[in-house]
Every structure is written in C-alpha cells, then in structure tokens.
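Reading through the structure tokens given below for one structure.
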Ligand code: SAM
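Numbering (my numbering), first residue to last: 213 to 533.
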C-alpha cells in the first residue's frame, strides 16, 4: 500500500507544486481522482505528518506509472532546484561533477549546477562553486502560483519553505498588520499579500534582497500591501506596536530577536518562529517562551538540517496584555 495525500481538486495545482519543491511526490505512481478530491502519491508521509497539514494522509494500493518506474535510477544525492539553477549540498556525493552532469542531462529546465559550500554572513548568502552549465545566478522561480526573481549568489533563498509559506498565508486573517522581520526577496510577504488583504512591513538588511523584493512585488498580483524597508530589523521593529503577526525566518539566530517581536505584538498576536534546534534546545526554548509570555500553539519540523538538528516552525501566541 502506498501513502497518498487527499486534497481538494481546486487546490491540487498549488499543493502539487509545494510537494514537488519538497521532493515529496512518489513519482512511480499516478495521481488518482477521488470525487471532489485527488489522491497524490507521496514518499514521506512522516515528514508531511509533522507539517500538520489540513489534509488527510491515507494508504491506497496506488496506480503505478509504468512509463516512469521502468526508467533506471541514474544518480543519487540531494539538490534543490531554483528556477533553472540546481544547487547540490556539499559532501553528499563523492564526485560532484558526475551528479552535476546527470542533473543537467535529466532536468531539461536546469542550465547551471552549483555546489553549495555553505551559507555565511549576516545576509545568509551561499558560497557557490559552479560545477557545470552556464553559471548565471539570477533566475525566475515559481512557487504556489507566484513568480520570484532570485539571485542565488547575492541573496538567501530556499525552496524548502514553499509549503511553510503557503501554511502561514492560509492561517493569516484578512486585514492583519504583519511584520516580516527577515523578508529576503519577499516570499512570505508576497505569498500572504497574494491571498489576503493584509498590510505587511517587510524588513531586510541586504540591499540586493530588498531590490529583488520590490521587483517581485511588481511581478505578482497582490491583494494586500507590502512596505519593504532596508535596515536592521532589531531597530526598525521598535516603532511598531499592536501588530497581529511577526514572521521570524532567521533560523540560526531568531532567538536573539524574539523579545523585540513580542513587544511589537498585540495580545493574541502570533509569532511565526523558525529555528534550527535539537530536542534539548527545543525544550529550553519552550521554557524561555513561557517566561517571555509566548504560548506555543503549534510546532512542526520543516526539514532536517543534519543528523540531530531540524529546522522547526513554531506558532507562538502573545498571552499577556
Ligand atoms: N524570509 C526569507 C525567505 O524565506 O526566503 C529570507 C530568510 S533568510 C534565512 C534571512 C534574511 O534575513 C536574509 O535575507 C538576511 O539578509 C536578513 N537579515 C539577517 N539579519 C538581519 C537583520 N538584523 N535585520 C534585517 N534583516 C536581516
């Protein structure tokens, strides 16, 4: 029996895109119509269960896609695809060039393959080495029906948060006043503003990210308003009070900013908090959040980071006046 996720037909396209970005589709099987729903075959039921999605995960005998399953597996190793660029993780393959050539051959839309030698500095940019292909770092990436101009050499961007951005946008109420503290090229802000009539202050200290965010606002149809601001989020946030939501996507150091986020919220307001943690640090953080006056409403693992570390997503609610 194969794991499937049952989703409404009208949402199927955007969910398929998000699942593809997470590399979570079991491509050896076909999608099965099921009344007003479709059943999408998935590879990682456990990961999706952690995401706490509002859709049912069930077992079904599956409909094998023979055109795919007879194809030999050409290579192994993990990589992300952002537009026409593939980024391989360091140290996951013995010969990066073999994997890179296989990616170029098998993924017709990929034109450059880079090796990621690590994310560094305040702007969280990747140290990239071109392995093969054109070597362009600017590309158009599509996610949840939206388009983003990204420069993988000069700004941080991860397609692994596609589902997360969709979940946060779905959970936001119409009219919310939001701060996106570490907005990058704007994927959280733009996903929310495309779905809800919210007002979003989007901060980033990287001028290249703020420039691309402004272009990305123009490339998508938005219901809400976004106000990009260049500078240090820990200073810019000080002039805001009574906000409904603060998004904190700076997984290496979010914690040092959390008290300022708390001050900016109204009672009942929400922090969407991201941090790389092991289980011991997770316990410690929960204790600290309680002391600050933030109650955890929800937590899920977004993706693994290393053997013992995961990127966690938490919804923290301000409980005090
Ligand atoms: N939220 C975006 C996304 O999902 O693609 C980007 C997240 S990235 C992990 C963190 C971003 O925070 C980077 O674009 C970096 O330039 C920015 N940043 C880091 N420290 C900052 C600070 N003190 N104030 C404002 N932005 C900051």
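Every residue, glycine too, gets a C-beta built ideally from N, C-alpha and C.
DSSP state of residue i mapped onto helix, strand, coil
i           : result
residue 255 : coil
residue 450 : helix
residue 482 : strand
residue 378 : helix
residue 407 : helix
residue 467 : helix
residue 266 : coil
residue 525 : strand
residue 433 : coil
residue 532 : coil
residue 445 : helix
residue 360 : strand
residue 400 : helix
residue 239 : coil
Where the beta strand (DSSP E) containing residue i begins and where it ends
i           : result
residue 218 : 214-220
residue 245 : 244-246
residue 458 : 455-461
residue 534 : Because the chain spans 213 through 533 in this model, residue 534 falls outside it and cannot be assessed.
Residue i CB to nearest heavy atom of the ligand SAM below 7 Å
i           : result
residue 394 : yes
residue 334 : yes
residue 239 : no
residue 418 : yes
residue 378 : no
residue 251 : no
residue 446 : yes
residue 542 : A query on residue 542 cannot be resolved here, the shown segment of the chain reaching from 213 to 533 and no further.
residue 368 : yes
residue 293 : no
residue 470 : no
residue 397 : yes
residue 463 : yes
residue 532 : no
residue 467 : no
residue 373 : yes
residue 400 : yes
residue 439 : no
residue 236 : no
residue 326 : no
residue 537 : An answer regarding residue 537 cannot be provided, because it is not within the stretch 213 to 533 covered by the chain.
residue 501 : no
residue 415 : yes
Residue i - containing alpha helix (DSSP H), residue span
i           : result
residue 502 : 491-504
residue 474 : 470-476
residue 425 : 419-430
residue 228 : 224-233
is_contact[residue i, chain C] using C-beta, thresh 8 Å
i           : result
residue 244 : Here there is only one protein chain, and chain C is not present.
Heavy atom of the ligand MG within 7 Å of residue i beta-carbon
i           : result
residue 341 : Of the ligands this structure carries, namely the ligand SAM, none is the ligand MG.
Quiz item: Which ranges would you report for the beta strand (DSSP E) in the region 282-356 if only whole runs of at least 3 residues count?
Solution: 291-294, 297-301, 324-332, 337-345 and 350-355
Quiz item: Given 8 Å as the limit, is there contact between the region 366-380 and the region 413-428, that is, 3 or more CB pairs closer than that?
Solution: yes
Quiz prompt | Touch test, the region 215-233 against the region 244-260, Cβ-Cβ under 8 Å, three pairs minimum | solution = yes
Quiz item: Given 8 Å as the limit, is there contact between the region 446-453 and the region 376-385, that is, 3 or more CB pairs closer than that?
Solution: no
Quiz item: For the 8 Å Cβ check, are there 3 or more pairs between the region 311-325 and the region 384-398?
Solution: no
Self-check item: At least 3 beta-carbon pairs within less than 8 Å: the region 454-473 vs the region 429-441
Solution: no
Quiz item: Can we say the region 480-495 touches the region 508-521, given the rule of at least three CB pairs closer than 8 Å?
Solution: yes
Exercise. Flag this pair as touching only if the region 239-246 and the region 265-279 have three or more C-beta atom pairs under 8 Å; answer yes or no.
Key: yes
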